[in-house]
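Novice: Structure below; questions to follow.
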Amino acid sequence: YPDSGIFIFKSEDKYITLRAGGATFSHRHVDDSSVTLAFKGIDFIVDCGMYNYDVNDKLRRWFTSSKAHSGFYLDSATGVRYANFSKPQDLGELISLEQLSFGFNVKCKHNLSPEAEVKRSITLDGDIFTISDEFEAVVKTAWRQQFQFHPECFVVLDSKNNSCKV
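Just so you know, we're using our numbering here: the sequence shown kicks off at 145 and counts up by one.
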């Protein structure tokens, strides 16, 4: 649904979403490049949700910020709000969708930081789920790739094989 700024894949045992862009600011979070993943009925990468609708509540502002989502973000965009953009499409967009024989590859980008463009690619090939992130900046900048895992997930990073198991 590129006009809504959301990609959804659902099969018998998988549920995957990717958020980028959209045509409206209504119910908007600063979550471009945010992803969720459920496999065989188990939530792995989750969206934290809204919490409440009091715009003056600091905790609510945290839940709608990039810090509460599973994306790739530059530190220079930490305090950004969608109100800083003239139209929703300026925040980001879904770029492409390619059908693969056993899945898909979907790409998005976001412009949450004024000095860089961030791109995310998600590939599902059978039961292999891959996230690839890249950015190009005009100045040196710090970045973070973050994931909001379900509290019952146990994550193991294997630096020797450059892999992560959940």
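All C-beta atoms in this analysis are idealised placements derived from N, C-alpha and C, irrespective of residue type, glycine included.
Taking the alpha helix (DSSP H) that R205 belongs to, which residues open and close that run?
Specialist: Residue 205 sits at position 61 when you count from the first residue of the sequence shown. K202 to F207 is the span of the alpha helix (DSSP H), which, as asked, contains R205.
Novice: Taking the beta carbon of L235 as the centre, do at least 16 other beta carbons fall within 10 Å, making it buried, or is it exposed?
Specialist: For the purposes of this step, residue 235 is identified with residue 91 of the sequence shown, where counting begins at 1. That one is buried.
Novice: Starting from G289, trace the beta strand (DSSP E) in both directions and tell me its first and last residue.
Specialist: Along the sequence shown, one-based indexing puts residue 289 at 145. According to the sequence shown, residue 289 is Gln rather than Gly. Where Q289 is concerned, the enclosing beta strand (DSSP E) stretches over W287 to Q289.
Novice: To the nearest angstrom, report how far apart S240 and I266 are at their CA atoms.
Specialist: Against the sequence shown, residue 240 aligns to sequence position 96. Against the sequence shown, residue 266 aligns to sequence position 122. When rounded, the distance between both Cα atoms is 11 Å.
Novice: What is the C-beta distance between T180 and I150, in whole angstroms, given that I count them as a contact (C-beta under 8 Å)?
Specialist: On the sequence shown, residue 180 is found 36 positions in, with the first residue counted as 1. On the sequence shown, residue 150 is found 6 positions in, with the first residue counted as 1. That belief does not hold up - the Cβ atoms of T180 and I150 are roughly 10 Å apart, past 8 Å.
Novice: Decide yes or no for the touch test of the stretch 217–233 against the stretch 258–272: beta carbon pairs closer than 8 Å, at least 3 of them.
Specialist: Yes: the two stretches touch, three or more of their Cβ pairs being nearer than 8 Å.
Novice: Can you tell me which of the three DSSP states N255 falls into?
Specialist: Mapped onto the sequence shown, residue 255 falls at position 111. Of the three classes helix, strand and coil, the one that applies to N255 here is coil, per DSSP.
Novice: Taking only beta-carbon positions, decide if S178 is within less than 8 Å of chain B.
Specialist: The chain labelled as chain B is not found in the depicted structure, where only one protein chain is given.
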